[in-house]
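Q: Chains as they are written, first to last, in this note's numbering: chain A, 21 to 271; chain B, 222 to 431. Glycine included, each C-beta is placed from N, C-alpha and C at the ideal position. It should be emphasised that the depicted structure is a prediction, and the values quoted were computed from it without experimental measurement. To start, I am sharing the structure in question, which I have written as structure tokens.
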């Protein structure tokens, strides 16, 4: 009897402690691209779990089946624009078999957030993502440094069929494809606040607080591109090269 | 593929814009005022499904009552995101909202509500919001909301408010006041710290009659 009870109890527990497909990223410090006066030169990141690879079309299909409100034809406009999941053949059909294991793209921040929540996870913060993405490749071709991988990727147009997850490189944290496959949503992408530069008629609605923004490394063109990209996103936008992976607290 | 082109178009335009960036670190001027106002009507979003109140989740108000955003339906709402430890910009936003309230015709006043949502999940609990409410002398038309970190971020995304928590617990954030119709659709956003009372009053009066 007691065994049955325990079994039921276990079955009822949410999958909060299911870290399958994730790797524990040890806490540490990194030097972010964007600095503010109040943010020291280094940012501390606590230990967290991160998905080893980006969420795939196949994985996202399971989510949409379980949560019909996220079907292409049903999702409200404020949560995803009209290109949402446009690479799929229909609401519940991917169609092109070649992209089942490719990262799901044309996905809004709201949809990505809902998927992670459904998994008992969350999106990584920008600091977490940048910290994890800064780790060196462990299985790249000899002499191929991270910056080279990124710049070569920027240099090439997106392939007609997005390759499967795990097809680029693995980094020293054990995470795949942080660069070279897709751009990825982060929880707080809207914390990239333009600095005091004047746009048009000197409009700068970004005040309050006394931070000053500067960049840590002006040569870091690759990072600059990521931050600039994020600054111009809105949460309902869907973009063909933009997907996501989930994270989780360690506690 | 078209999306690709759009994405790269965006990136290229970002790069073009960035040419104007000063090479030295630029300062977020606290409280820059000159010409810092743009008022825009948000068009383009479709009528259907445009309500911000579709965002699920329980919030807590200054009286420690829990409520969902959809309970804000039925009145025109003037909304801003703030934090109560904010030195300058947030009190200004509240002042601007009060100015709108004061300028509204009597016939309209009771059909309008004011909502302040805090960025500060840690410090702005119901007790602190209640203190702020009293300090600012806010009347019963005002609703102050406290939420969890994730739902605050979600709402900021819907309103297109940018914010960043600083190490001292305060926030850098964009300053906007939003006017929502009775169903929760954003009709107008007033950006900046210069009052646009007349504009807001016109919009609100029109929406109340609808």
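Determine the closest residue to residue 195/A out of 122/A, 89/A, 72/A, 51/A, with distance taken between C-alpha atoms.
A: Numbered from its first residue, the first chain carries residue 195/A at position 175. Comparing Cα positions, the closest option is 72/A.
Q: Which class does residue 138/A belong to by DSSP, given the choice of helix, strand or coil?
A: The residue given as residue 138/A occupies position 118 in the first chain. Note: residue 138/A maps to helix in three-state DSSP.
Q: Closer than 9 Å between beta carbons: that is the criterion. Which residues of the stretch 269 to 290 of chain B meet it against chain A?
A: Flagged, chain order: 269, 270, 271, 272, 273, 275, 276.
Q: Please say whether residue 200/A and residue 173/A have beta carbons closer to each other than 8 Å?
A: To locate residue 173/A, count along the first chain from 1; it is residue 153. To locate residue 200/A, count along the first chain from 1; it is residue 180. For residue 173/A and residue 200/A, yes; Cβs fall inside 8 Å.
Q: So residue 304/B and residue 339/B are in contact, right, with Cβ under 8 Å, and what is the actual spacing, rounded?
A: Against the second chain, residue 304/B aligns to sequence position 83. Against the second chain, residue 339/B aligns to sequence position 118. Rounded, the Cβ-Cβ distance is 5 Å, consistent with contact.
Q: Give the residues of chain B in contact with residue 61/A, contact being defined as C-beta atoms less than 9 Å apart.
A: By 1-based counting over the first chain, the position of residue 61/A is 41. Correct list: empty, because the minimum Cβ distance to chain B is about 12 Å.
Q: Roughly how many whole angstroms lie between the Cα atoms of residue 281/B and residue 368/B?
A: The count along the second chain starts at 1 and reaches residue 281/B at position 60. The count along the second chain starts at 1 and reaches residue 368/B at position 147. So the two alpha carbons sit approximately 6 Å from each other.
Q: For residue 386/B, name the three-state secondary structure that DSSP assigns.
A: Along the second chain, read from residue 1 onward, the residue named residue 386/B stands at position 165. Residue 386/B falls in the strand class under three-state DSSP.
Q: Out of 271/A, 264/A, 270/A, which has the shortest C-alpha to C-alpha gap to residue 134/A?
A: Locating residue 134/A in the first chain gives position 114, where the first residue counts as 1. With distances taken between Cα atoms, residue 134/A lies closest to 264/A.
Q: If you draw a straight line from the alpha carbon of residue 209/A to that of residue 328/B, how long is it in whole angstroms?
A: Translated into the one-based positions of the first chain, residue 209/A becomes position 189. Translated into the one-based positions of the second chain, residue 328/B becomes position 107. Roughly 42 Å between the two C-alpha positions.
Q: Is the CB of residue 357/B under 8 Å away from at least one CB in chain A?
A: Indexing the second chain from 1 puts residue 357/B at position 136. Chain A, which has no Cβ nearer than 8 Å to the Cβ of residue 357/B, makes this no.
Q: So if DSSP puts residue 280/B in a beta bridge, which residue, or which two residues, is it bridged to?
A: For the purposes of this step, residue 280/B is taken as residue 59 along the second chain, with counting starting at 1. BP columns for residue 280/B point to 288/B.
Q: Tell me where the beta strand (DSSP E) around residue 363/B begins and ends.
A: Position 142 of the second chain, counting from 1, holds the residue named residue 363/B. 363 to 367 is the span of the beta strand (DSSP E), which, as asked, contains residue 363/B.
Q: Who pairs with residue 157/A in a beta bridge, going by DSSP?
A: The residue labelled residue 157/A in the question sits at position 137 within the first chain. According to DSSP, which records beta bridges pairwise, residue 157/A is partnered with 191/A.
Q: Where does residue 124/A fall in DSSP's three states?
A: Your numbering for residue 124/A matches position 104 in the first chain. Of the three classes helix, strand and coil, the one that applies to residue 124/A here is coil, per DSSP.
Q: Taking residue 306/B as the reference, which of 403/B, 343/B, 417/B has the closest Cα?
A: By one-based count along the second chain, residue 306/B stands at place 85. The shortest Cα separation from residue 306/B among 403/B, 343/B, 417/B belongs to 343/B.
Q: Got a sec: is the Cβ-Cβ distance from residue 254/A to anything in chain B below 8 Å?
A: Indexing the first chain from 1 puts residue 254/A at position 234. Residue contact check for residue 254/A against chain B: a CB pair falls below 8 Å.
Q: Out of 64/A, 115/A, 65/A, which one is the CA nearest neighbour of residue 81/A?
A: Numbered from 1 along the first chain, position 61 holds the residue referred to as residue 81/A. Of the candidates 64/A, 115/A, 65/A, the one whose C-alpha sits nearest the C-alpha of residue 81/A is 115/A.
Q: Strictly below 9 Å CB to CB, what residues from chain B border residue 142/A?
A: Counting from one through the first chain, the residue named residue 142/A turns up at place 122. 371, listed in chain order.
Q: Specify the secondary structure class of residue 334/B as computed by DSSP and reduced to three states.
A: Within the second chain, the letter at position 113 stands for residue 334/B. Residue 334/B: strand per DSSP, three-state reduction.
Q: Between which two residues does the beta strand (DSSP E) containing residue 393/B stretch?
A: Residue 393/B sits at position 172 when you count from the first residue of the second chain. Start and end: 392 to 395.
Q: Pop quiz: residue 189/A and residue 157/A are said to be a contact at Cβ under 8 Å. What is the actual Cβ separation, rounded to whole angstroms?
A: Taking the first residue of the first chain as position 1, residue 189/A is located at position 169. Taking the first residue of the first chain as position 1, residue 157/A is located at position 137. 4 Å between Cβ atoms; contact.
Q: Have a look at residue 423/B and residue 112/A and give me their C-alpha separation to the nearest angstrom.
A: Translated into positions along the second chain, residue 423/B becomes position 202. Translated into positions along the first chain, residue 112/A becomes position 92. Roughly 45 Å separates the two Cα atoms.
Q: Leaving out five residues before and five after residue 197/A in sequence, what residues of the same chain have Cβ atoms less than 8 Å from its Cβ?
A: Position 177 of the first chain, counting from 1, holds the residue named residue 197/A. Taken in chain order, the residues that qualify are 73, 74, 123, 185, 186, 187, 188, 189.
Q: So with Cβ pairs under 8 Å, would you call residue 210/A a contact of chain B?
A: Within the first chain, residue 210/A is the residue found at index 190, counting from 1. Yes - at least one Cβ of chain B is within 8 Å of the one on residue 210/A.
Q: Cβ closer than 9 Å: which chain A residues qualify as neighbours of residue 379/B?
A: Here residue 379/B refers to the residue found at position 158 when the second chain is read from its first residue. Result: 98, 99, 130, 255, 256.
Q: Would you say residue 53/A and residue 63/A are within 8 Å of each other, going by their C-beta atoms?
A: Here residue 53/A is taken as the residue at index 33 of the first chain, counted from 1. Here residue 63/A is taken as the residue at index 43 of the first chain, counted from 1. Going by C-beta atoms, residue 53/A is not nearer than 8 Å to residue 63/A.
Q: Below 8 Å on C-beta distance, what does residue 383/B contact in chain A?
A: Your numbering for residue 383/B matches position 162 in the second chain. In chain order: 210, 211, 212, 213, 226.
Q: Does DSSP put residue 69/A in a helix, in a strand, or in coil?
A: Locating residue 69/A in the first chain gives position 49, where the first residue counts as 1. For residue 69/A, the secondary structure class from DSSP, reduced to helix, strand or coil, is strand.
Q: Anything in chain B within Cβ reach of residue 133/A, meaning under 9 Å, just list it in chain order.
A: Here residue 133/A refers to the residue found at position 113 when the first chain is read from its first residue. Going along chain B in sequence order, the residues near residue 133/A (Cβ under 9 Å) are 371, 374, 375, 378.
Q: Using three-state DSSP, classify residue 301/B as helix, strand or coil.
A: Here residue 301/B refers to the residue found at position 80 of the second chain. Of the three classes helix, strand and coil, the one that applies to residue 301/B here is strand, per DSSP.
Q: Beta-carbon of residue 49/A versus every beta-carbon of chain B: anything under 8 Å?
A: Position 29 of the first chain, counting from 1, holds the residue named residue 49/A. False, the Cβ-Cβ gap to chain B never drops below 8 Å.
Q: Rounded to whole angstroms, what is the Cα-Cα separation between residue 256/A and residue 374/B?
A: In the first chain, the residue the question calls residue 256/A occupies position 236. In the second chain, the residue the question calls residue 374/B occupies position 153. Residue 256/A and residue 374/B: Cα-Cα distance of roughly 13 Å.
Q: Would you tell me roughly how many angstroms separate the C-alpha atoms of residue 145/A and residue 152/A, rounded to the nearest one?
A: Indexing the first chain from 1 puts residue 145/A at position 125. Indexing the first chain from 1 puts residue 152/A at position 132. Whole-angstrom Cα-Cα distance: 11 Å.
Q: Could you pull out every residue in the same chain whose Cβ sits closer than 8 Å to the Cβ of residue 109/A, ignoring the five residues on either side in sequence?
A: Working through the first chain from its first residue, we reach residue 109/A at position 89. So the list reads 115, 116, once near-sequence residues are dropped.
Q: Just checking: is the beta-carbon of residue 232/B within a distance shorter than 8 Å of some beta-carbon in chain A?
A: Position 11 of the second chain, counted from the start, is the residue given in the question as residue 232/B. With a pLDDT of 47 at residue 232/B, under the threshold of 50, the modelled position of that residue is not reliable, and the figure given next carries that caveat. With 8 Å as the cut-off, residue 232/B counts as an interface residue toward chain A.
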